[in-house]
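One structure is given here, and the rest of the page talks about it.
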Amino acid sequence: MPTRLVSGLAERMVGCGFLLQRWVHITRLLQPEVTKFRKKRSKGSKVFWGRDAWKPYDVVKCEGHQLDLLHVNRWLERGEIKHRVEPRTLISSRSAKLTKPGRPPRQFIDFADGIRSILKRAIEYTENDPPPSMEERKNACREFQKEMKAFLDRKWTDADAVRISKELRKRLDMLFTFMDHEGVPWHNNDAERAIRQGVLHRKISGGRRTWTGAEVFEVILSTYETAKKRGDRFIEMVRAKFDSPARSSGL
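Heads up, the sequence shown is in full-length UniProt numbering, so the first residue is 1 and it goes up one at a time.
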């Protein structure tokens with residue numbers, strides 16, 4: 001069953017003070033595609049969605065969701081910065097280090113260490129060599145879910161720990177989908193990279209001048225990224241779309 005990785009691209013209109021949000025996804029198929037996200041395309045899809053914590057994604061009906069664990073770590077990093085702690089990566093094992101003198105925020109450090117420890121062990125388990133069987137992965141998934149739930153249910157009093165634990169508790173069934181469904185990644189890097197060119201163009205140009213221009217650029221960029229992922233030449237793909245049936249048959 002394919003995995004659909006979702007990420008968002010915001011377009012800024014020149015002269016406007018707001019953004020138009022556009023959505024793209026990558027489908028992990030033999031012939032992947034990059035296209036606009038539309039809810040009607042996704043309703044009841046027999047795919048797994050790799051996504052961030054944007055709440056509208058929660059209503060998408062599919063086989064299952066995988067919350068990007070790197071986004072979870074960004075919540076922890078923001079909390080660490082707020083608490084005067086150097087932000088750490090998800091896979092990092094180093095101890096917390098204060099950026100300014102003062103009393104260490106012991107509870108938030110314990111919270112961040114606990115979340116990272118559980119997620120890191122889950123990731124490393126699926127990457128064992130030789131790899132565990134699917135039955136073993138499913139059993140381990142249930143154990144990690146129980147451990148995470150027990151950890152989140154502790155009586156946290158730190159405001160950031162309370163907020164993050166609430167978000168994770170609501171999405172507990174999205175944290176370990178990668179463990180019991182083969183081919184589902186624990187991160188959303190492919191989708192993030194797919195829209196990177198659009199982000200760079202937006203930053204360089206300052207944005208599109210019209211909504212129509214934004215939509216046209218979106219189509220061109222989607223076609224280009226699709227061609228790149230398929231190993232096709234972009235110009236040949238465009239030419240094929242514009243060729244008439246007569247020309248395509250050589251008449």
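Note that the Cβ used here is the ideal one computed from N, Cα and C, for glycine as well. Remember, it's a predicted structure, so these values are computed and weren't measured experimentally.
Contact between W156 and Q107 holds: CB atoms are separated by about 7 angstroms, below the 8 angstroms threshold. If you look at L221, you'll find it in the alpha helix (DSSP H) that goes W211 to R230. According to the DSSP assignment, L119 belongs to no beta strand (DSSP E) but to the alpha helix (DSSP H) extending over R106 to T126. Each of R74, N73, E86 and V47 was checked against the Cα of K61, and the nearest Cα belongs to V47.
Assignment of beta-bridge partners to V85 by DSSP yields L98.
Its Cα nearest to that of W75, the residue K166 stands out among K166, E135, T126 and R94. Judged by DSSP in its simplified three-state form, P56 adopts helix. By the neighbour-count definition (other C-beta atoms within 10 Å, threshold 16), R116 is a buried residue.
Excluding its 5 nearest sequence neighbours in each direction, W186 has C-beta neighbours in its own chain below 6 angstroms: L69, I123 and F178, listed in chain order. Under the DSSP assignment, V238 falls in the alpha helix (DSSP H) whose first and last residues are F234 to F242. Distance from the Cα of K138 is smallest, within the candidate group L172, D160 and F176, for F176.
One alpha carbon belongs to E218, the other to N189, and they sit about 20 angstroms apart. Judged by DSSP in its simplified three-state form, V184 adopts coil rather than helix or strand.
Here G79 is not near D153, since their CB atoms are 8 angstroms or more apart. Taking the CA atoms as reference points, L200 sits about 14 angstroms from A214. Here E225 is buried: its Cβ has 16 or more other Cβ atoms, across all protein chains shown, within 10 Å. If you look at I91, you'll find it isn't in any alpha helix (DSSP H); DSSP assigns it neither H nor E. In the structure shown, the three-state DSSP call for K170 is helix. Separation of the CB atoms of M134 and E182 is rounded to 6 angstroms, and the pair is thereby assigned contact status at 8 angstroms. In the structure shown, S133 falls within a coil segment according to DSSP collapsed to helix, strand and coil. Around the beta-carbon of F111, 16 or more other beta-carbon atoms lie within 10 Å, marking it buried.
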